[in-house]
Amino acid sequence: MPDPASNMMPFADAVAVLDREVVFVSPTAETLAIRDALGRLLVGEYCSRVDLPPFDKSAMDGYAVPPGDATELRVLETVPAGAVPTMPLSPGCATKVMTGAPVPDGTDRVVMVEKTTQTGDTVRIHTPETQSNICKRGEDVRTGDVILTGPRLAGPLEIANLAACGITQVQTAPPLRVAILTTGDEIVDSADALSPGKIMNSNGPMLEALCQQNGLDVVTCEIVPDQRQATIDAISTACQAADFVLLSGGVSVGDFDFVAEAMAALGLTIHFDKVAMKPGRPMTFATSPSAALFGLPGNPVSVYVMFHIFVLRAMRRRLGLPAEPRTIRLPLADGHRRRKTDRLAFVPCRLTADGTLAAVDFHGSAHLAALLEADGFFVMPQGCATIAAGESAEFWPTGGTR
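Residue numbers for the sequence shown follow numbering that gives the first Met the number 0, so the first one is 0 and each next one is one higher.
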């Protein structure tokens, strides 16, 4: 329940409300070529169609030799990757093989080329080979082995593993649709439109990029003026077109903040409109019969934080994926203190070379440039005023590109 003293919902309670309201919806699957599946939700179970490796192969360039201690052998042939041996090995013989090439029948081990000298069709072994240097057929994957089971997002490693196992088509869920509404008469999309009182639209492009980066389908990204009816109309249209509606700005209590009023006019259920966290206190979460709506604060750092904490969690819950964030506790490089402790705080920080966290220079939730130096955020719990140097804090990585 909201904190009666401040009307702010505790962070943990806000997360619990989100989890209650956003649940898995079984998708209608469609077939896609594996090359087109990046970022899509894989459904079903995938079993290998091949053994990996598909044959006994050489792990390096060298000479396949039979059992025994012979140090001088006759070279029968050279087998590059992609070819196959034409003759089995017999005592006193060797086959030169390249990395990844099949080894001939009768091979005991592959002697590294660096340990040999070849003259004509004779190879001399200078140093005994103690390793087999052979990758055995099926030692990684056997035909019929389960490679992965959905639901699971298709990333580069999922695509590579499926392709390696002979799987060229997959069943995927359609991406979640997102409508992005940036509110404010001061917002412009072109530098040519800048004039006194106007600012560039950064929240819209940032949210659009974050959605695309996480496999969400942006169906609209538009600026909404600070007018009551325009806000009502934009939200109403977005709810019909999208699974998630992301609004930035207009969620506070200013004279021209119409988001909460528009949501109420449309009969939406507002689950909370203030969260005891910094940045992001005036965060609004609402639902319609068909969509989840996130009224994000207007300052860009707040938008960035709330997207990672709430929107991505909702996305993963809707898709049936594990929703808990992958966080880790790490020590602070330097002590960090604050004056007000009524809210949980997310502090932008970088990960240092020695595995500690260092707060970046940060002037507040409008300081978007600070995030260029950050790898994520560490958490100062509600009621905590100081974390000393060397003490650990919970670190939320946000996938920066530094």
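Positions of the beta carbon are idealized from the N, C-alpha and C atoms, including for glycine.
Item	Value
Of all the options Val217, Asp216, Asn298, Ile234, which has the alpha carbon lying nearest to the alpha carbon of Pro224?	Ile234
With H, G and I counted as helix, E and B as strand and the rest as coil, what does DSSP make of Gly203?	helix
In the DSSP assignment, the alpha helix (DSSP H) including Ser247 goes from what residue to what residue?	Careful: Ser247 lies outside any alpha helix (DSSP H), inside the beta strand (DSSP E) at 243-247.
Going by other Cβ atoms of all chains shown within 10 Å of its Cβ, with 16 needed for buried, is Pro296 buried or exposed?	buried
Can you tell which of Val49, Ser364, Phe243 has its C-alpha closest to the C-alpha of Thr167?	Val49
Among residues of its own chain, excluding the 5 on either side of Pro278, which ones have a beta-carbon nearer than 6 Å to its beta-carbon?	Val300, Ser301, Val304, Ser364
Who are the Cβ neighbours of Leu75 in its own chain at under 6 Å, not counting the five residues just before and after it?	Met86, Cys92, Thr94
Give the range of the beta strand (DSSP E) segment to which Ala405 is assigned.	Residue 405 is absent from the structure shown; the chain starts at 0 and stops at 401.
When the Cα atoms are used, what is the spatial distance from Leu320 to Leu350?	27 Å
Tell me the DSSP secondary structure of Leu318 in three-state form.	helix
Within 8 Å, do at least three Cβ pairs link the stretch 131-148 to the stretch 56-65?	yes
What's the call for Ile198, buried or exposed, on a 16-neighbour Cβ count within 10 Å?	exposed
Go through its chain and collect everything with a Cβ distance to Phe376's Cβ below 8 Å, but skip five positions before and after it.	Val304, Phe345, Val346, Pro347, Cys348, Phe394, Trp395, Thr397
Count the other C-beta atoms from every protein chain shown that fall within 10 angstroms of the C-beta of Leu72, then say buried if there are 16 or more, exposed otherwise.	buried
Nearest to Val217 by alpha carbon, out of Leu51, Pro173, Arg19?	Pro173
Could you check which residue in Pro288, Leu152, His270, Glu323 has the C-alpha nearest to that of Met282?	His270
For Met111, I'd like the list of residues in its chain whose CB is within less than 8 Å of its CB, leaving aside the five on either flank, ordered along the chain.	Met59, Asp60, Gly61, Glu128, Asn132
Might you give, ordered along the chain, the residues of its own chain that have their beta carbon closer than 7 Å to the beta carbon of Asp107, omitting 5 neighbours on each side?	Val64, Pro65, Pro66
Helix, strand or coil for Arg123? Go by DSSP, reduced to three states.	strand
Mind checking which residues open and close the alpha helix (DSSP H) that includes Ala344?	No alpha helix (DSSP H) contains Ala344, which is instead part of the beta strand (DSSP E) from 343-350.
Assuming the contact rule is C-beta atoms closer than 8 Å, Leu246 and Thr182 should be a hit. Round their C-beta distance to whole Å, please.	6 Å
So what does DSSP say about Val250, is it helix, strand or coil?	coil
Suppose the cutoff is 8 Å on Cβ atoms and the five residues either side in sequence are ignored; what does the same chain contact list for Ala190 look like?	Met199
Run the CB neighbour count on Met7, radius 10 Å, all protein chains shown included, and call it buried at 16 or more, exposed below.	buried
Under 8 Å between the Cβ atoms of Thr171 and Val42?	yes
Alpha carbon to alpha carbon, how far is Leu206 from Leu370?	15 Å
Leaving out five residues on either side along the sequence, give the residues of the same chain with a beta carbon under 7 Å from the beta carbon of Ala69.	Gly91
Measuring alpha carbon to alpha carbon, tell me which residue in Phe257, Pro204, Ala153, Ala240 is nearest Asp184.	Phe257
Residue range of the alpha helix (DSSP H) that Pro299 falls in?	299-305
Checking 8 Å against the spacing of the C-beta atoms, do Leu40 and Ala313 come in under that value?	no
For the beta strand (DSSP E) that contains Ala161, what are its first and last residues?	The residue asked about is misnamed: residue 161 is Leu in this sequence, not Ala. Per DSSP, Leu161 belongs to no beta strand (DSSP E); it is in the alpha helix (DSSP H), 155-163.
Is it a yes or a no for the stretch 149-164 touching the stretch 18-34, going by three-plus beta-carbon pairs under 8 Å?	yes
How many angstroms separate the CA atom of Asp374 from the CA atom of Ala392?	14 Å
Using 8 Å as the cut-off, can you tell me whether the stretch 333-343 makes contact with the stretch 378-389, which would need three or more C-beta pairs spanning the two stretches below that distance?	yes
Could you tell me which of Thr355, Ala15, Phe361 sits nearest to Glu390, measuring between CA atoms?	Thr355
Bridge partners for His335 per DSSP, in chain order?	Ile386
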